[in-house]
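Engineer:
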Amino acid sequence: MKFHTLLLILCFFCVSSCLNSTKPYGVFDYEDFGPQSMVYEKIGMEWWQWNNHGSSDPNSKDDIKVVVYRDMPLSQIKSLFPVSEREKKDFRYFEFSDAIQHLNESIKRLEPEKEEWAINLKKHLIETKKRIIKEIKVGN
439 MKFHTLLLIL
449 CFFCVSSCLN
459 STKPYGVFDY
469 EDFGPQSMVY
479 EKIGMEWWQW
489 NNHGSSDPNS
499 KDDIKVVVYR
509 DMPLSQIKSL
519 FPVSEREKKD
529 FRYFEFSDAI
539 QHLNESIKRL
549 EPEKEEWAIN
559 LKKHLIETKK
569 RIIKEIKVGN
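The opening position of the sequence shown corresponds to residue 439 in the numbering used here, with each subsequent residue numbered one higher.
(1) Whole angstroms are fine: how far does the CA of K552 sit from the CA of Q514?
(2) Tell me where the alpha helix (DSSP H) around F519 begins and ends.
(3) Looking only at its own chain, which residues have a Cβ that is under 7 Å from the Cβ of S455, when we skip the five neighbours before and after it?
(4) Taking the CB atoms as reference points, tell me whether A556 and V506 lie closer together than 9 Å.
(5) In the DSSP assignment, find the beta strand (DSSP E) that holds R530 and state where it starts and stops.
(6) Check whether the segment 517–529 touches the segment 493–507, counting contact only when three or more Cβ pairs, one atom from each stretch, lie closer than 8 Å.
(7) Whole-angstrom Cβ separation of L563 and I545, contact assumed at under 8 Å?
(8) Locate the beta strand (DSSP E) running through I502, then write down its first and last residues.
(9) If we call anything under 9 Å between Cβ atoms a contact, is Q487 one with V521?
(10) Are K560 and E543 closer than 9 Å when you measure CB to CB?
(11) Express the C-alpha separation of E554 and V477 in angstroms, rounding to a whole number.
(12) What's the C-alpha gap between S517 and M510?
(13) Leaving out five residues before and five after R508 in sequence, what residues of the same chain have Cβ atoms less than 6 Å from its Cβ?
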């Protein structure tokens with residue numbers, strides 16, 4: 439009986455570790471990396487990449503996703519997350535170390551700021567960094 443209990447516990451840990459496993463990529467929202475003015479040089483403008491410009495309506499927002507990836511070729515990531523104007527799917531691709539470096543630099547730039555918007559943005563960027571580190575597998 440003890441053997442069966444031990445085996446059951448072992449199976450439980452194996453299954454739970456599989457369920458909690460991470461992938462070598464994660465999908466995030468554009469604004470997770472800061473406002474367009476902070477990140478456009480890294481991942482492009484915050485409008486559909488097949489358009490020449492954004493909407494004239496300042497409240498309009500295109501659904502841009504950012505795929506942060508690690509230990510995979512960009513070509514493979516692009517095949518998993520293809521851009522499709524017809525399906526209104528717009529992905530930007532950010533290699534893990536570049537994304538972390540961008541977040542670290544942006545957080546550091548906000549350090550001296552005392553205004554509420556800057557403090558809130560800094561907190562948001564720190565949370566994004568934590569989510570990326572937690573979600574994306576380190577190594578193979």
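Beta carbons are placed, not taken as given, at the ideal position from N, Cα and C, and that holds for glycine. Note that this is a predicted model, so its numbers are computed, not measured.
Structural biologist: Taking the structure as given:
(1) 42 Å
(2) Counting along the chain, F519 falls outside any alpha helix (DSSP H), and DSSP gives it neither H nor E.
(3) The predicted model places S455 with a pLDDT of 43, which falls under 50 and marks its position as unreliable; any figure quoted below should be read in that light. Contacts found: none.
(4) no
(5) D528 to E533
(6) yes
(7) 5 Å
(8) I502 to Y507
(9) yes
(10) no
(11) 20 Å
(12) 11 Å
(13) P462, F534 and I574
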